[in-house]
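Working notes, structure below.
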Amino acid sequence: MTTERREPALNAGERAMLEGWLDYHRRTLAWKCEGLTDEQLRTASVPPSELSLMGLVRHMAEVERGWFRKVLVGDDPGPIYFTDGDPDGEFHLTEADTWQEAYATWQTEIETARRNAAGFELDDLSRGKSRFSDEPFSLRWIYTHMIEEYARHNGHADLVRERIDGVTGD
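Heads up, the sequence shown is in this note's numbering, so the first residue is 30 and it goes up one at a time.
Structure follows, in structure tokens:
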């Protein structure tokens with residue numbers, strides 16, 4: 030599999046620009062994981078950190094679910110990988126955890142996110158509210174936050190990948 034990444038058009042409208050940058054960053058994370066074995070994808074960056082590429086993908090599946098299901102449309106199917114007893118469960122990998130499962134789950138959450146967001150305009154407010162202020166979020170805010178979330182974790186992914194096999198990139 031080869032992940033194709035294209036930056037959004039330089040003259041796109043606001044929504045197309047936000048969705049384009051979000052998709053670009055989603056593809057960047059997939060690209061950082063290409064060509065590695067499950068064992069490599071489960072490899073923690075630098076002990077004692079448990080940060081791994083597969084863990085980052087599982088984390089982003091949780092983040093997609095949280096923002097586009099729980100917050101945006103008020104649907105709370107519950108967490109995928111973490112529990113109250115293990116709030117960082119997405120990063121606690123075993124040999125039984127596979128790239129195939131992590132990637133498929135992440136892609137399912139991305140597709141659900143796209144479908145849910147399609148029913149909202151940028152200024153529309155979420156059905157779920159902030160746990161800090163009890164206020165709803167605009168879809169614009171959620172898109173901007175998701176771009177930031179992916180960009181930050183893609184920086185982590187770049188460092189983890191370089192540690193695994195020396196591959197670097199933008």
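Every residue, glycine too, gets a C-beta built ideally from N, C-alpha and C.
Look at the Cβ atom of residue i, then the Cβ atom of residue j, and state whether they are nearer than 8 Å.
i, j, result
"T72", "S78", "no"
"R87", "Y179", "no"
"T141", "D67", "no"
"L51", "I176", "yes"
"L154", "R44", "no"
Thinking C-alpha only, which one of the options is nearest residue i?
i, options, result
"P108", "L101, G148, P116", "P116"
"D246", "R94, L168, E130", "In the structure as shown, the chain begins at 30 and stops at 199. Residue 246 is therefore absent and cannot be evaluated."
"G84", "N145, K99, D152, K61", "K61"
"P37", "G49, A125, E43", "G49"
"L101", "E43, A125, R169, V196", "R169"
"W96", "E191, F111, N145", "N145"
"M46", "Y172, G195, V196, R181", "Y172"
Quick check on DSSP: helix, strand or coil for residue i?
i, result
"L122", "coil"
"E130", "helix"
"F97", "helix"
"N40", "coil"
"A59", "helix"
Name the DSSP bridge partner or partners of residue i?
i, result
"K158", "P165"
Label residue i either buried or exposed according to how many other C-beta atoms from any shown protein chain fall within 10 Å of its C-beta, with 16 as the threshold for buried.
i, result
"V75", "exposed"
"N183", "buried"
"E130", "exposed"
"E33", "exposed"
"E124", "exposed"
"R181", "exposed"
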